[in-house]
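Just below is one structure, and these are the notes that go with it.
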Amino acid sequence: GESVGLHLPTLSVQEGDNSIINCAYSNSASDYFIWYKQESGKGPQFIIDIRSNMDKRQGQRVTVLLNKTVKHLSLQIAATQPGDSAVYFCAEIPNTDKLIFGTGTRLQVFP
Amino acid sequence: GAGVSQSPSNKVTEKGKDVELRCDPISGHTALYWYRQSLGQGLEFLIYFQGNSAPDKSGLPSDRFSAERTGGSVSTLTIQRTQQEDSAVYLCASSLMGRTNSPLHFGNGTRLTVT
Numbered sequence: 016g017e018s019v020g021l022h023l024p025t026l027s028v029q030e031g032d033n034s035i036i037n038c039a040y041s042n043s044a045s046d047y048f049i050w051y052k053q054e055s056g057k058g059p060q061f062i063i064d065i066r067s068n069m070d071k072r073q074g075q076r077v078t079v080l081l082n083k084t085v086k087h088l089s090l091q092i093a094a095t096q097p098g099d100s101a102v103y104f105c106a107e108i109p110n111t112d113k114l115i116f117g118t119g120t121r122l123q124v125f126p
Numbered sequence: 023g024a025g026v027s028q029s030p031s032n033k034v035t036e037k038g039k040d041v042e043l044r045c046d047p048i049s050g051h052t053a054l055y056w057y058r059q060s061l062g063q064g065l066e067f068l069i070y071f072q073g074n075s076a077p078d079k080s081g082l083p084s085d086r087f088s089a090e091r092t093g094g095s096v097s098t099l100t101i102q103r104t105q106q107e108d109s110a111v112y113l114c115a116s117s118l119m120g121r122t123n124s125p126l127h128f129g130n131g132t133r134l135t136v137t
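Line order of the protein sequences matches chains B and A. Positions 16 to 126 (our numbering) are the ones given, in order, by the first sequence. Positions 23 to 137 (our numbering) are the ones given, in order, by the second sequence.
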């Protein structure tokens with residue numbers, strides 16, 4: 016059954032399409048941001064991070080974009096696969112040691 | 023082990039009983055965190071350890087909650103006189119340095135159900 020996010024915003028994409036998951040963060044003093052993926056019954060899994068002195072960072076099939084002017088973070092997943100289906104969380108560290116998580120977005124990939 | 027290990031994976035307890043949740047962080051990670059995730063919610067910060075000391079306990083919901091860390095490694099989260107609202111998944115994470123230099127790596131959590 017559902018273990019995370021019964022009422023989360025949901026993004027549905029077709030397999031092979033690109034996905035864009037957005038996140039608005041709250042603290043203009045935040046200087047480190049992380050995207051996590053959480054599958055049902057598991058803990059959050061690190062995907063990619065970015066520091067505030069950058070506006071873009073690329074990984075394998077993933078890209079994170081940071082817009083500090085509007086306090087916006089996005090995660091782009093290229094060629095989305097069924098295994099990408101999960102809940103995605105952005106997290107910020109506002110110059111302290113405490114990671115603050117957003118509410119999450121559920122990504123559903125259909126064939 | 024290669025990752026953060028938490029035990030038990032599931033715990034069912036009666037209201038009013040005490041529970042202890044255990045976390046084994048990644049070897050060499052100096053920082054350790056406890057978070058709580060309720061059904062349909064995001065992750066709620068509870069407490070942070072750097073070594074054996076806890077510079078930030080601000081997220082502990084009440085004095086029924088406590089945590090300790092010994093030897094700069096294993097941590098236990100104790101909930102006394104459990105209540106039904108304590109039911110949640112309790113997640114532990116560790117990081118190499120604990121400041122804005124390294125990401126947190128999470129375990130799979132302990133699902134606590136208070137009946």
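Think of the CB as a built atom: it goes at the ideal place given N, C-alpha and C, for glycine as much as any other residue.
Tell me the rounded alpha-carbon separation between residue i and residue j.
| i | j | result |
| --- | --- | --- |
| M69(B) | Y40(B) | 16 Å |
| G131(A) | V111(A) | 6 Å |
| R72(B) | P77(A) | 31 Å |
| L65(A) | R58(A) | 6 Å |
| A53(A) | L99(A) | 15 Å |
| K52(B) | F104(B) | 6 Å |
| I35(B) | I101(A) | 39 Å |
| I193(B) | Q72(A) | Outside the shown range of chain B, which is 16 to 126, sits residue 193(B), and nothing can be said about it. |
| V34(A) | T84(B) | 46 Å |
| N33(B) | I92(B) | 6 Å |
| L23(B) | T120(B) | 6 Å |
| S80(A) | I69(A) | 7 Å |
Under 8 Å Cβ-Cβ, which residues of chain A neighbour residue i?
| i | result |
| --- | --- |
| D64(B) | P125 |
| I49(B) | P125, L126 |
| F104(B) | G64, L65 |
At a CB-CB cut-off below 8 Å, which residues of chain B make contact with residue i?
| i | result |
| --- | --- |
| N32(A) | Result: empty, since nearest Cβ-Cβ is about 10 Å, beyond 8 Å. |
| L113(A) | G58, P59 |
Output yes or no for whether 9 Å exceeds the beta carbon distance between residue i and residue j.
| i | j | result |
| --- | --- | --- |
| L122(B) | D99(B) | yes |
| F128(A) | P59(B) | yes |
| S43(B) | F125(B) | no |
| T137(A) | N32(A) | no |
| R44(A) | S97(A) | yes |
| S117(A) | H51(A) | yes |
Anything in chain A within Cβ reach of residue i, meaning under 9 Å, just list it in chain order.
| i | result |
| --- | --- |
| T118(B) | Q63, G64 |
Mind pulling the chain A residues with CB within less than 7 Å of residue i?
| i | result |
| --- | --- |
| K57(B) | N130 |
Can you pull the chain B neighbours of residue i, defined as C-beta to C-beta under 9 Å?
| i | result |
| --- | --- |
| F67(A) | K113, L114, I115, F116 |
Q: Within the stretch 56 to 119 of chain A, note down every full alpha helix (DSSP H) run reaching 4 residues or more, in order along the chain.
A: Here no run is fully enclosed.
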